[in-house]
Amino acid sequence: MQALPITLSKPLPVILYLYKAAQKQQKSIFVRKHNPTIMKQTIKTLVAAAALLFIFIGFKSGQKKITVYSIGDSTMCDFAPAYLSQFGGENYPIRGWMQMMPLFFKDNVVVQNAARSGRSSKSFRTEGHWKPVLEKLKAGDYVFIMFGANDQKADTARHTDPATTYRQNLLNYIEETKAKGAYPILFTSLVRRHFGKDGKLTDTYGEYVTAVQQLGAATGVPVIDLNKKSADLVTSYGPEESKKLFLYIEPGKFSKLPQGKKDDSHLCVFGATEIARLAAQGLKEIKSPLAAYLK
């Protein structure tokens, strides 16, 4: 057979080429009264075309794009250059862990981080942040859900009760996600760096974490216990070294923060990357199909 004029980087043209070649050989069969040699060549050509068709199907499925949406608060959200510029530009180290998640996904995953600073499971919806996510959501997409930090706030615009309104808000997000043929994944709230006098990390979320775990069990929605994972991480660093995970800035480093900053809730670049790593690990542990899209 003549050498193929096209490479396998573009399998569809190759298949068409082989198909046309097979057609020509079929015509010659009738002309040459079923010449056995030509018949063998035709069979080989058709087998090659069929094999390449399967390769092409696999090639196309491997290129499938998955979109992952995330809804939550400032421990999860993107911090835009406009915000960073208030403190010193891109060098200002605050990051949400979902902002670092693309580092752990392959190129065929698109991350749409809709998390917003200061929002609770209640205010995220009432302020209109959920609506555009729901409108774009399509079958096969994923939605990462993590609230809790601002649900504890006293103001009525954000506060929720873990056993009732918080649970119901999360359930609404779950049901609406499923109705679009997408897949929700629940995350328990990121731990705060609060060490007691005994040197042990203090639980600051209590029933909010329990509510997420119970809701996951009741609905069959997978839960990644990021609260425990982050607590284990912070504990492993200890009271002093764990500061490197959070937003600790030395005095004088940024002109707009002459006194520096000590923030035990928000993450720095390193901390956000480590939490994103734990989230990726969690996807593997719950055996999510999305784990196949991790690097």
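The opening residue of the sequence shown carries number 1 in the UniProt record's numbering; numbering runs sequentially from there. Using N, Cα and C, we set each Cβ at its ideal position, and we do this for glycine too.
**Request:** Taking all protein chains shown into account, decide if aspartate 161 is buried (16 or more other Cβ within 10 angstroms of its Cβ) or exposed.
**Result:** exposed
**Asked** Should alanine 115 go down as buried or exposed, given a rule of 16 or more other Cβ atoms within 10 Å for buried?
**Response** buried
**Message:** Counting beta carbon pairs with one atom in the region 110-125 and one in the region 165-174, are three or more of them shorter than 8 Å?
**Reply:** yes
**Item:** C-alpha gap between threonine 75 and glycine 118, whole angstroms
**Value:** 9 Å
**Request:** Report the rounded CA-to-CA distance for valine 133 versus tyrosine 69, giving the unit in angstroms.
**Result:** 8 Å
**Request:** Decide yes or no for the touch test of the region 233-246 against the region 263-278: beta carbon pairs closer than 8 Å, at least 3 of them.
**Result:** yes
**Asked** What separation, rounded to the nearest whole angstrom, lies between the Cα atoms of glutamate 250 and glycine 89?
**Response** 16 Å
**Prompt:** Do the region 87-106 and the region 202-219 meet, that is, are 3 or more Cβ pairs less than 8 Å apart?
**Reply:** no
**Request:** Give the DSSP-derived three-state secondary structure of lysine 64 in the structure shown.
**Result:** coil
**Helix, strand or coil at tyrosine 293 according to DSSP, with G and I counted as helix** = helix
**Asked** Would you call the CB atoms of serine 189 and alanine 149 closer than 8 Å?
**Response** yes
**Item:** Separation of tyrosine 208 from methionine 146, as counted between CA atoms
**Value:** 11 Å
**Outcome for histidine 266 when other beta-carbon atoms lying within 10 angstroms are tallied against a minimum of 16** = buried
**Prompt:** Could you give the uninterrupted runs of the alpha helix (DSSP H) lying entirely in the region 209-242, keeping only those of 4 residues or more?
**Reply:** 226-241
**Prompt:** In whole angstroms, what is the alpha-carbon distance linking valine 110 and lysine 228?
**Reply:** 27 Å
**Endpoints, alpha helix (DSSP H) assigned at leucine 84** = 81-84
**Asked** In angstroms, rounded to a whole number, what distance separates the CA positions of threonine 177 and tyrosine 205?
**Response** 25 Å
**Asked** Are the beta-carbon atoms belonging to glutamine 112 and aspartate 78 less than 8 Å from one another?
**Response** no
**Asked** lysine 261 bridges to which residues according to DSSP?
**Response** Ile249
**Asked** Secondary structure at asparagine 150, three-state DSSP: helix, strand or coil?
**Response** coil
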